[in-house]
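Written out below as structure tokens is the structure these notes cover.
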Amino acid sequence: MHYLEAVYAVWLREITVFFREKERVISAIVTPLLWIFAFGGGLGASVELQGVNYQTFIFPGVVSMAVLFGSIFYGLYIIWDRKLDFLKLVLVAPIPRSAVFMGKMLGGMSDVLLQVVALMVIGIAFGMAGMDSLVLAVPAALLLSMCIVSLGLIMGASMSSPDGFNLVMSFVMWPMFLFSGALFPVENLPSYLGFIVAINPLTYGVDLIRFAFLGTTAFGPVLDVAVLLGISLAFIFIGTKSFERMQV
Amino acid sequence: MVPVSAISIKKLSKHFGKLRAVDGISLEVKEGEVFALLGPNGAGKTTTISMLCGLLRPTSGKASVAGYDAETEPLKVRKSIGVVFQQPSSDDLLSGRENLEMHALLYGMPGEGRKERIDSMLRLVGLTDRQKSRVKEYSGGMRKRLEIARGILHKPLILFLDEPTVGLDPQTRSHIWEYIRKMSQVEKTTIVFTTHYLEEAEKYADRVAIIDHGRMIALGKPSDLVRKLGGDIMLLKSKEPALIASELRKMPFARSVKIKEGIVSVTVPDSQKNLPKMLRLLDGVDSIEMHPATLNDVFIKYTGRAIREDSAEGSYWERIMNSKGDR
Chain A
25 MHYLEAVYAV
35 WLREITVFFR
45 EKERVISAIV
55 TPLLWIFAFG
65 GGLGASVELQ
75 GVNYQTFIFP
85 GVVSMAVLFG
95 SIFYGLYIIW
105 DRKLDFLKLV
115 LVAPIPRSAV
125 FMGKMLGGMS
135 DVLLQVVALM
145 VIGIAFGMAG
155 MDSLVLAVPA
165 ALLLSMCIVS
175 LGLIMGASMS
185 SPDGFNLVMS
195 FVMWPMFLFS
205 GALFPVENLP
215 SYLGFIVAIN
225 PLTYGVDLIR
235 FAFLGTTAFG
245 PVLDVAVLLG
255 ISLAFIFIGT
265 KSFERMQV
Chain B
112 MVPVSAISIK
122 KLSKHFGKLR
132 AVDGISLEVK
142 EGEVFALLGP
152 NGAGKTTTIS
162 MLCGLLRPTS
172 GKASVAGYDA
182 ETEPLKVRKS
192 IGVVFQQPSS
202 DDLLSGRENL
212 EMHALLYGMP
222 GEGRKERIDS
232 MLRLVGLTDR
242 QKSRVKEYSG
252 GMRKRLEIAR
262 GILHKPLILF
272 LDEPTVGLDP
282 QTRSHIWEYI
292 RKMSQVEKTT
302 IVFTTHYLEE
312 AEKYADRVAI
322 IDHGRMIALG
332 KPSDLVRKLG
342 GDIMLLKSKE
352 PALIASELRK
362 MPFARSVKIK
372 EGIVSVTVPD
382 SQKNLPKMLR
392 LLDGVDSIEM
402 HPATLNDVFI
412 KYTGRAIRED
422 SAEGSYWERI
432 MNSKGDR
């Protein structure tokens with residue numbers, strides 16, 4: 025069927041380009057490692073949380089951060105893309121815009137997944153989690169990236185120039201990371217902070233991935249999955265619409 | 112059903128805020144025609160093409176492409192057309208062949224015959240030897256050839272070329288045109304191209320629409336448009352241009368007398384007979400330059416300025432392109 029073939033074509037392009045852009049892959053892995061070993065290692069020398077070393081505690085949070093940053097950057101990249109590159113060609117091809125969105129989304133999820141799996145393997149090698157935790161952690165990261173890549177693509181499709189890029193960093197990316205429980209437990213927070221954390225989709229991703237690695241959870245994996253799935257479906261719907269509206 | 116007109120545009124307009132990028136253009140392009148949209152940079156050519164391809168929604172007016180409404184039946188339109196963008200849009204991290212394979216997938220080309228079609232397109236644009244190199248290793252001319260091959264790969268009824276030769280050196284330009292012509296003959300494709308190179312419109316187009324500030328100011332065969340000017344263009348240098356101009360205006364055969372930067376220009380029909388007559392009547396002319404009328408003179412006649420005086424369109428993105436390097 026042509027629809028699936030078109031999704032496949034867009035996805036294939038993304039994954040091919042990903043493997044050929046080594047700088048992007050390397051930087052995507054190095055930043056989280058800095059967090060784990062500098063921040064986690066430094067603070068972890070004297071802090072323990074929920075019965076584990078702090079470094080081990082934030083490891084799932086840093087994995088979530090890698091998903092968040094990778095997904096948002098990937099989504100925003102289409103601002104450049106649609107002015108210059110491949111996207112313009114894809115938009116004049118006789119395929120529905122939803123197929124373009126789905127291909128892009130799956131491409132982004134694949135990119136992010138490969139980065140995150142590399143990170144997970146490094147963490148496991150340093151004894152921060154067991155090998156068997158991958159069974160749950162990989163699908164959890166995939167679900168989270170579906171949610172955030174869609175969000176990134178919505179923002180990328182709605183922005184007409186790269187000027188808003190820094191605003192997205194300051195008002196979306198960093199707040200989502202810092203108010204997510206990636207770096208601290210979300211139980212017993214003061215009410216204002218608790219509220220912000222509770223409406224942040226990343227919180228549920230962190231919780232789910234932490235459950236996969238450490239077995240601890242604040243909301244329970246079922247609620248986490250339900251929230252992430254619901255938000256993802258909403259974002260996919262909005263994203264498809266914003267791709268249909270998008271002009272070049 | 113075979114449409115009578117490949118493209119039919121009625122009062123098409125596109126406004127960006129206060130700017131009327133395209134302002135009520137109406138025209139028809141016949142099947143099999145090579146049609147040029149000629150105008151200075153920023154005249155609205157690219158915007159027009161973008162609307163015909165369904166990349167931009169018109170503010171008002173209607174466009175039908177290959178018999179389908181560009182706004183309400185975009186998928187059918189896109190199936191019938193090929194587009195070569197002004198900015199190189201092939202993926203530079205992919206090889207030339209990979210770009211074509213991707214294109215075939217996007218256009219749902221049947222699996223059998225796909226490989227042969229790609230082979231023959233690569234041969235046609237002379238890229239068979241370099242098909243496995245990544246596009247970032249291509250020269251500007253090679254990239255353009257690849258894009259032309261891609262534009263025509265799925266056998267579109269209509270091929271849009273937006274400034275197909277901009278930024279290329281003259282030799283490469285004429286090569287590219289050889290390929291485009293070969294394609295239009297082999298594939299019998301209707302071709303619509305935009306250009307600000309007059310010679311290209313004059314040489315390669317069956318008909319041309321001259322566009323300025325979003326409006327169409329002339330439409331017809333290049334030779335007809337030039338003939339309508341009625342004569343050759345003379346440029347007269349003199350110390351007293353105003354005097355010369357007023358003398359010329361008295362002569363019955365002199366047309367469109369204008370002074371620009373101290374040089375008097377005049378259109379003279381039947382110049383073999385009229386030139387000696389003119390010189391007998393004029394005093395104080397230091398030098399005369401004569402050239403046969405071109406589309407540029409047509410443009411000057413309607414707008415009062417030459418076609419290349421404006422600065423380059425898309426330079427902002429060109430700068431980004433350059434700064435982007437190899438990505």
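Which chain is which? The protein sequence lines are A and B, in order. Everything in the first sequence is counted per our numbering, starting at 25 for the first residue and increasing by one. Everything in the second sequence is counted per our numbering, starting at 112 for the first residue and increasing by one. Ideal Cβ positions, reconstructed from N, Cα and C, are used throughout, including at glycine.
**Residue-level contact to chain A via CB, B:K368, 9 Å cutoff** = Residue numbering aside, residue 368 of chain B sits at position 257 when the second sequence is read from its first letter. It is worth fixing the name first, because residue 368 of chain B is Val in this sequence and not Lys. Not an interface residue.
**Asked** How close, in whole Å, do the beta carbons of A:D231 and A:A222 come, if the pair is a contact with beta carbons under 8 Å?
**Response** As a position in the first sequence, residue 231 of chain A is number 207, starting the count at 1. As a position in the first sequence, residue 222 of chain A is number 198, starting the count at 1. With 8 Å as the limit, A:D231 and A:A222 do not qualify as a contact, their Cβ atoms being about 11 Å apart.
**Request:** Return no unless some Cβ of chain A is closer than 9 Å to the Cβ of B:F196.
**Result:** Your numbering for residue 196 of chain B matches position 85 in the second sequence. Yes, contact with chain A.
**Message:** I want to see whether chain B comes within less than 9 Å of A:L5, judged by CB atoms only; does it?
**Reply:** Outside the modelled stretch of chain A, which goes from 25 to 272, sits residue 5 of chain A, for which no answer is possible.
**Request:** For A:V272, return the contacting residues in chain B, with the cut-off set at a CB-CB distance below 8 Å.
**Result:** Position 248 of the first sequence, counted from the first residue, corresponds to residue 272 of chain A. Near A:V272 (Cβ distances below 8 Å), the residues of chain B are S161, L166 and L167.
**Asked** Any residues in the region 218 to 238 of chain B with a beta carbon nearer than 7 Å to a beta carbon of chain A? Which ones, in chain order?
**Response** Y218 and G219
**Prompt:** Rounded C-beta distance between B:T414 and B:D323? I'm assuming under 8 Å.
**Reply:** Taking the second sequence and counting its residues from 1, one reaches residue 414 of chain B at position 303. Taking the second sequence and counting its residues from 1, one reaches residue 323 of chain B at position 212. About 5 Å separates the two Cβ atoms, so the contact holds.
**Prompt:** Under a three-way DSSP split, which group does A:G147 fall into?
**Reply:** Within the first sequence, the letter at position 123 stands for residue 147 of chain A. A:G147: helix per DSSP, three-state reduction.
**Asked** Taking only beta-carbon atoms, is A:K265 less than 9 Å away from chain B?
**Response** In the first sequence, the residue the question calls residue 265 of chain A occupies position 241. For A:K265, the answer is no, since every Cβ of chain B falls outside 9 Å of its Cβ.
**Prompt:** Alpha carbon to alpha carbon, how far is B:R326 from B:L148?
**Reply:** Position 215 of the second sequence, counted from the start, is the residue given in the question as residue 326 of chain B. Position 37 of the second sequence, counted from the start, is the residue given in the question as residue 148 of chain B. Near 11 Å, if we compare the C-alpha coordinates of B:L148 and B:R326.
**Message:** On the CB-based measure, 16 or more other CB atoms within 10 Å of its CB, does B:A177 come out buried or exposed?
**Reply:** Looking up residue 177 of chain B in the second sequence gives position 66. So B:A177 ends up on the buried side.
**Prompt:** Among B:K384, B:P387, B:N210 and B:A320, which one has its Cα closest to the Cα of B:R136?
**Reply:** The residue labelled residue 136 of chain B in the question sits at position 25 within the second sequence. Reading the sequence as shown, one finds Ile at residue 136 of chain B and not Arg. The option with the nearest alpha carbon to B:I136 is B:A320.
**Message:** Under 8 Å, CB to CB, which of the residues in the region 152 to 164 of chain A have a partner in chain B?
**Reply:** none
**Request:** Keeping to the same chain, check which residues put their C-beta closer than 7 Å to that of B:P403; ignore five residues upstream and five downstream.
**Result:** Counting from one through the second sequence, the residue named residue 403 of chain B turns up at place 292. The residues are D343.
**Item:** Option in B:P169, B:E289 and B:I259 with minimal Cα separation from B:G128
**Value:** In the second sequence, the residue the question calls residue 128 of chain B occupies position 17. Closest by alpha carbon: B:P169.
**Message:** Within the continuous alpha helix (DSSP H) that includes A:I21, where are the two ends?
**Reply:** The structure shown does not extend to residue 21 of chain A, since chain A is modelled only from 25 to 272, so the question has no answer here.
**Request:** List the residues of chain A whose Cβ lies closer than 9 Å to the Cβ of B:L270, in chain order.
**Result:** By 1-based counting over the second sequence, the position of residue 270 of chain B is 159. Result: empty, since nearest Cβ-Cβ is about 12 Å, beyond 9 Å.
**Request:** Starting from the C-beta of A:F189, find all residues in its chain whose C-beta is less than 7 Å away, skip the five residues before and the five after it, and write them out in chain order.
**Result:** Along the first sequence, one-based indexing puts residue 189 of chain A at 165. So the qualifying residues of the chain are L100.
**Request:** Specify, as a first and last residue, the run of the beta strand (DSSP E) that B:L330 falls within.
**Result:** By 1-based counting over the second sequence, the position of residue 330 of chain B is 219. It spans R326 to G331 - the beta strand (DSSP E) in which B:L330 sits, taken as one unbroken run.
**Asked** Relative to chain A, which residues along the region 176 to 205 of chain B have a C-beta separation below 7 Å, given in chain order?
**Response** L186, R189, K190, V194, F196, Q198, S200, D202, L204 and L205
**Message:** If distances are taken between C-alpha atoms only, which option among A:E29, A:V86 and A:A52 comes closest to A:L202?
**Reply:** Here residue 202 of chain A corresponds to residue number 178 of the first sequence, with the count starting at 1. Taking only the C-alpha atoms, the option nearest A:L202 is A:V86.
**Request:** Determine the closest residue to B:E184 out of B:Q197, B:L205 and B:M162, with distance taken between C-alpha atoms.
**Result:** Within the second sequence, residue 184 of chain B is the residue found at index 73, counting from 1. For the residues B:Q197, B:L205 and B:M162, the minimum Cα distance to B:E184 belongs to B:M162.
**Item:** Partner residues on chain B for A:I119, Cβ-Cβ distance less than 9 Å
**Value:** Residue mapping note: residue 119 of chain A aligns to position 95 of the first sequence, counting from 1. L186, R189, L217, Y218 and G219, listed in chain order.
**Prompt:** What is the rounded straight-line gap between the Cα of B:S426 and the Cα of B:D273?
**Reply:** By one-based count along the second sequence, residue 426 of chain B stands at place 315. By one-based count along the second sequence, residue 273 of chain B stands at place 162. Per-residue confidence for B:S426 stands at a pLDDT of 45, beneath the threshold of 50, marking its modelled position as unreliable; the derived number appears in the next sentence. Roughly 15 Å between the two C-alpha positions.
**Status (buried if at least 16 other CB within 10 Å, exposed otherwise) for B:L309** = By one-based count along the second sequence, residue 309 of chain B stands at place 198. When all chains shown are included, B:L309 counts as buried.
**Asked** Between B:R131 and the rest of its own chain, which residues show a CB-CB distance below 6 Å, the 5 nearest in sequence each way excluded?
**Response** Within the second sequence, numbered from 1, the residue matching residue 131 of chain B stands at position 20. G325.
**Request:** Let me know if A:M155 comes out buried or exposed under the rule of 16 or more other beta-carbons within 10 Å of its beta-carbon.
**Result:** Counting from one through the first sequence, the residue named residue 155 of chain A turns up at place 131. Classification of A:M155: exposed, given that the 10 Å Cβ count is below 16.
**Request:** Please determine if the region 346 to 364 of chain B and the region 153 to 167 of chain B are in contact, where contact requires at least 3 C-beta pairs separated by less than 8 Å.
**Result:** no
**Request:** Assuming B:R360 contacts A:P118 (C-beta within less than 8 Å), just tell me the rounded distance between them.
**Result:** Within the second sequence, the letter at position 249 stands for residue 360 of chain B. Within the first sequence, the letter at position 94 stands for residue 118 of chain A. B:R360 to A:P118, Cβ: 58 Å. No contact.
**Asked** Using 9 Å as the limit for Cβ to Cβ distance, is B:M440 near chain A?
**Response** An answer regarding residue 440 of chain B cannot be provided, because it is not within the stretch 112 to 438 covered by chain B.
**Prompt:** Who are the neighbours of A:Y32 on chain B, taking C-beta pairs under 8 Å?
**Reply:** Along the first sequence, one-based indexing puts residue 32 of chain A at 8. The contacting residues are L216.
**Item:** Where B:Y249 sits in the DSSP three-state scheme
**Value:** Start at 1 with the first residue of the second sequence, and residue 249 of chain B comes out as number 138. B:Y249: coil per DSSP, three-state reduction.
**Message:** Can you find the residues in the same chain that come closer than 6 Å, C-beta to C-beta, to A:I96, ignoring five residues on each side of it along the sequence?
**Reply:** Position 72 of the first sequence, counted from the start, is the residue given in the question as residue 96 of chain A. Excluding residues within five positions, the ones whose Cβ falls inside 6 Å are G176 and M197.
**Message:** With distance defined between alpha-carbon atoms, name the residue in A:A181, A:G244 and A:N224 nearest to A:E268.
**Reply:** Here residue 268 of chain A refers to the residue found at position 244 of the first sequence. Closest by alpha carbon: A:A181.
**Between the CA atoms of B:D203 and B:D437 - distance to the nearest angstrom** = The residue you call residue 437 of chain B lines up with position 326 of the second sequence. The residue you call residue 203 of chain B lines up with position 92 of the second sequence. The pLDDT assigned to B:D437 is 36, lower than 50, so where the model puts this residue is not dependable; a value taken from the coordinates is nonetheless given after this. Using only the alpha carbons, I get a separation of about 8 Å.
**Request:** List the residues of chain B that A:E29 touches, going by C-beta distances under 7 Å, in chain order.
**Result:** Here residue 29 of chain A refers to the residue found at position 5 when the first sequence is read from its first residue. Within 7 Å Cβ-Cβ: L216 and G219.
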